[in-house]
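Visitor: Please see the structure below; I have some questions.
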Amino acid sequence: MSERRARVWAGIDAGKGHHWAAAVDETGSTLWSKKIDNDETAILTAMGEILDLADKVSWAVDISGTSSALLLALLAAHGQQAVYVPGRTVNRMSGAYRGEAKTDARDAYIIAETSRQRRDFAAIDVPAQLAADLALLTAHRSDLVADRVRMINRLRDVLTGVFPALERAFDYSSQKGALVLLTGYQRPAALRRRGQARLTAWLANRSVRGADTVAATALEAAQAQQTALPGEDIAAQIVADLAAQILALDNRLKRVDKQIRDTFRGHPQAEIIESLPGMGPILGAEFVVAAGDLSAYADAGHLASVAGLVPVPRDSGRRTGNLHRPKRYSRRLRRVFYMSAQTSIIREGPNRDFYLKKRGEGCKHVQAVIALARRRASVLWALLRDGRAFTSAPPATQAA
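Next comes the structure, spelled out in structure tokens:
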């Protein structure tokens, strides 16, 4: 073992089953490089060996998700702070070093070297219990929504092949009554035999709102198709099964939404976030997860820049003022501001007035919404800084 250093930089190429860690000194020489199982005992052993190398260790990882959750928690528990080196940066930095090999050991070395040369990487904070709960719930909800969209697309595709008139008759993404109808009736002949009176009663017994309208629409579609298409029986079974799954998924989404709402409202700043028009509990929870600790943002412009709402210049020579959409930003944070801005313009108020002003200046819909989202980022940052709820009237100016 060589003499103890004043400082070393440790880079960790994180993975699901195992990590690879490498430690370098101030000259870039490798002092330690090993494979580490994603296990508490193995991580603690490697951490102790690296800490014995120097008085101070600077840690860097390339993944800040579930794969590195145990690693980051153990580092935080032992008073060690890690920074996040994006995978895109690691990939580009690899070209600056000798050789073309792609191995975990080389990636770990590049992560350590990159963190040694740069000081502007964001520190990774282990989320508090509330933030961790919201992160899991919002991710689970996103998966359920994606499953629902996939099932509805599959249902419409199968139904189009045997009963296109009924597929056109309803919007299955928003009409629960149409899905309830499909759990029992999927073929035109079956609908005609049932008749409107009995079909209305059947739907009403299953708590379908506007049962008479749904029954009349379905029978109109059934009268428009008198021909039975090949594969109708099997398709009917698949459609009924998909409709039942979508209804069950809707119930699961309602329970998850309630859990997110109850959990989010335990956040100390939930009332302030929800006071902004268009920012409900679901988007508010996604904002808390995506933004993290707001003390990390120097000002409102920094928050908007992370959300990808600030254009970046691409000037060269005498070409100036060449602004483009950024490529590196938080997609989740941008989605929160964009969706909340789009929701806020539905009702009368300052948000809608600003949107109409931008449209009047010649901006297209998306451009006007992005401009509004940028403005709302500044407003939300100021509200959270001052600890006050949103009001249409500006606060009274006080003397210094």
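Per numbering that gives the first Met the number 0, the very first residue in the sequence shown carries number 0; after that it's consecutive.
Ideal Cβ positions, reconstructed from N, Cα and C, are used throughout, including at glycine.
#1: Can you look up D12 in the DSSP assignment and give me helix, strand or coil?
#2: Straight-line CA distance for M0 to A59?
#3: Return the Cβ separation of S32 and V82 in integer angstroms, given the expectation that the two are a contact with Cβ distance under 8 Å.
#4: Within the region 17 to 100, note down every full beta strand (DSSP E) run reaching 3 residues or more, in order along the chain.
#5: Could you have a look at S315 and say whether DSSP puts it in helix, strand or coil?
#6: Just tell me which of I109, H266, D156 has its CA closest to the CA of L129.
#7: By the three-class DSSP mapping on this structure, what secondary structure does R333 have?
#8: Cutting at 6 Å between CB atoms, please list the residues of its own chain near A134, excluding the five before and the five after it.
#9: Roughly how many whole angstroms lie between the Cα atoms of R402 and V311?
#10: Determine whether the beta carbon atoms of L30 and A20 lie at a separation below 7 Å.
#11: Are N285 and T65 closer than 7 Å when you measure CB to CB?
#12: Alpha carbon to alpha carbon, how far is A95 from R117?
#13: Between A45, E273, L190, A370, which lies nearest to G307 when the distance is taken from Cα to Cα?
#14: Let me know the beta strand (DSSP E) ranges lying completely inside the region 341 to 391, each 3 residues or longer, listed in chain order.
#15: Run through DSSP, which three-state label would L401 get?
#16: Rounded to whole angstroms, what is the Cα-Cα separation between V368 and G300?
#17: Can you give the beta carbon distance from L252 to A217, rounded, assuming they're within the 8 Å contact cut?
#18: So which of G14, H17, T26, D12 has the shortest CA-CA distance to A5?
#19: So who's on the other strand from A122, going by DSSP bridges?
#20: If contact is defined by three or more beta carbon pairs under 8 Å, each pair taking one atom from either stretch, is the region 217 to 232 in contact with the region 149 to 161?
#21: I'd like the span of the alpha helix (DSSP H) that includes G283, first residue to last.
#22: Thinking C-beta only, is R373 closer than 7 Å to A303?
#23: Over what stretch of residues does the alpha helix (DSSP H) that includes G160 continue unbroken?
#24: Roughly how many whole angstroms lie between the Cα atoms of K175 and Q185?
#25: Identify, in the order they occur along the chain, each residue of the same chain with its Cβ nearer than 8 Å to the Cβ of G183, setting aside the five sequence neighbours on each side.
#26: How would you call V393, buried or exposed, if buried means at least 16 neighbouring beta carbons within 10 angstroms?
#27: Please state if the CB of A177 and the CB of A220 are separated by a distance shorter than 7 Å.
#28: Look up L322 in the DSSP assignment and say whether it is helix, strand or coil.
#29: On a CA-only basis, which of R140, H77, A111, L73 is nearest D256? Give me that one, please.
#30: Quick one: Cα of P325 to Cα of D314, how far?
Guide: The structure says:
#1: Start at 1 with the first residue of the sequence shown, and residue 12 comes out as number 13. In this structure, D12 counts as strand in the three-state DSSP scheme.
#2: Position 1 of the sequence shown, counted from the first residue, corresponds to residue 0. Position 60 of the sequence shown, counted from the first residue, corresponds to residue 59. Residue placement at M0 is flagged as unreliable, the pLDDT there being 48, under the threshold of 50; the coordinate-derived value follows with that caveat. If you take the alpha carbons of M0 and A59, they lie about 23 Å apart.
#3: Position 33 of the sequence shown holds residue 32. Position 83 of the sequence shown holds residue 82. Their Cβ separation, rounded to whole angstroms, is 19 Å, which puts S32 and V82 out of contact at 8 Å.
#4: 17 to 23, 29 to 36, 53 to 60, 81 to 83
#5: Along the sequence shown, read from residue 1 onward, the residue named residue 315 stands at position 316. Note: S315 maps to strand in three-state DSSP.
#6: Position 130 of the sequence shown, counting from 1, holds the residue named residue 129. When only C-alpha atoms are compared, the closest one is H266.
#7: Start at 1 with the first residue of the sequence shown, and residue 333 comes out as number 334. It is helical.
#8: If you number the sequence shown from 1, residue 134 lands on position 135. V288.
#9: Nothing can be reported for residue 402, as the shown portion of the chain is limited to 0 through 399.
#10: In the sequence shown, counting from the first residue as 1, residue 30 sits at position 31. In the sequence shown, counting from the first residue as 1, residue 20 sits at position 21. For L30 and A20, no; Cβs fall outside 7 Å.
#11: On the sequence shown, position 286 is the one that residue 285 refers to. On the sequence shown, position 66 is the one that residue 65 refers to. Before going on, a small fix: residue 285 reads as Glu here, not Asn. The answer is no: Cβ separation not under 7 Å.
#12: Counting from 1 along the sequence shown, the entry for residue 95 is found at position 96. Counting from 1 along the sequence shown, the entry for residue 117 is found at position 118. Annotation: A95 to R117 spans about 15 Å, alpha carbon to alpha carbon.
#13: Counted from its first residue, the sequence shown places residue 307 at position 308. Cα-wise, what sits closest to G307 is A370.
#14: none
#15: What is shown of the chain runs 0 to 399, which leaves residue 401 out entirely.
#16: Taking the sequence shown and counting its residues from 1, one reaches residue 368 at position 369. Taking the sequence shown and counting its residues from 1, one reaches residue 300 at position 301. When rounded, the distance between both Cα atoms is 17 Å.
#17: Numbered from its first residue, the sequence shown carries residue 252 at position 253. Numbered from its first residue, the sequence shown carries residue 217 at position 218. 25 Å between Cβ atoms; not a contact.
#18: By one-based count along the sequence shown, residue 5 stands at place 6. It is T26.
#19: Within the sequence shown, the letter at position 123 stands for residue 122. Looking at the DSSP assignment, A122 forms a beta bridge with V82.
#20: yes
#21: Within the sequence shown, the letter at position 284 stands for residue 283. Taken as a continuous stretch (DSSP letters only), the alpha helix (DSSP H) holding G283 covers 280 to 290.
#22: Here the question's residue 303 lines up with position 304 in the sequence shown. Here the question's residue 373 lines up with position 374 in the sequence shown. Yes, Cβ-Cβ distance for A303 and R373 is below 7 Å.
#23: As a first step, residue 160 is located in the sequence shown; it is residue number 161 there, counting from the start. Where G160 is concerned, the enclosing alpha helix (DSSP H) stretches over 128 to 161.
#24: Mapped onto the sequence shown, residue 175 falls at position 176. Mapped onto the sequence shown, residue 185 falls at position 186. Distance between the alpha carbons of K175 and Q185: 15 Å.
#25: Start at 1 with the first residue of the sequence shown, and residue 183 comes out as number 184. Excluding positions up to five away in sequence, the list reads W201, A239.
#26: Residue mapping note: residue 393 aligns to position 394 of the sequence shown, counting from 1. Just to set this straight, residue 393 is Pro in the shown sequence, not Val. The residue in question, P393, is exposed, as its Cβ has fewer than 16 Cβ neighbours within 10 Å.
#27: Counted from its first residue, the sequence shown places residue 220 at position 221. Counted from its first residue, the sequence shown places residue 177 at position 178. Not closer than 7 Å, so no.
#28: Along the sequence shown, one-based indexing puts residue 322 at 323. The answer is strand: DSSP assigns L322 an E or B state.
#29: Position 257 of the sequence shown, counted from the first residue, corresponds to residue 256. Checked all of R140, H77, A111, L73; the closest Cα to D256 is R140.
#30: Along the sequence shown, read from residue 1 onward, the residue named residue 325 stands at position 326. Along the sequence shown, read from residue 1 onward, the residue named residue 314 stands at position 315. Distance between the alpha carbons of P325 and D314: 14 Å.
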